[in-house]
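In the working numbering, the protein residues as written are 442 to 543. Heads up, the beta-carbon is just placed ideally off N, CA and C, and yes, glycines get one too.
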């Protein structure tokens, strides 16, 4: 059996890789992927804490499934926004949306 600490280390690595990618990237798709990495780290923590604290119950897994559903909807909306930005500005860089007018 894999120790719980290994899961926590994996979750922390996913979180910091996602955070670093979000801060350093200027491509909208790369930023979306980085946000998804952060959300996957949270999902992993939900499942691990559920297994560690309440081994016979499934609340953490239900939170994980709900979070996955919300992140899928968020990704669909974000990709639609990115497609509209690309159609209007012919670029998927963050710098192109900084010049938007009211």
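### Alpha-carbon to alpha-carbon, residue 480 and residue 456
8 angstroms
### Proximity to residue 448 [Cα-Cα], best of 459, 462, 491, 519
491
### Query
Can you name the start and end residues of the alpha helix (DSSP H) that residue 472 belongs to?
469-494
### Task
Measure from the alpha carbon of residue 459 to the alpha carbon of each residue in 443, 445, 483, 493, then state which is nearest.
483
### For residue 528, the first and last residue of its enclosing alpha helix (DSSP H)
500-530
### Query
Could you check where the alpha helix (DSSP H) with residue 454 kicks off and where it finishes?
445-465
### residue 471 to residue 522 span [Cα, whole Å]
14 angstroms
### Task
Would you mind giving the Cβ-Cβ distance between residue 477 and residue 512, rounded to the nearest angstrom? I have them listed as a contact below 8 angstroms.
6 angstroms
#### Entry: CB of residue 501 within 8 angstroms of CB of residue 517, strictly
no
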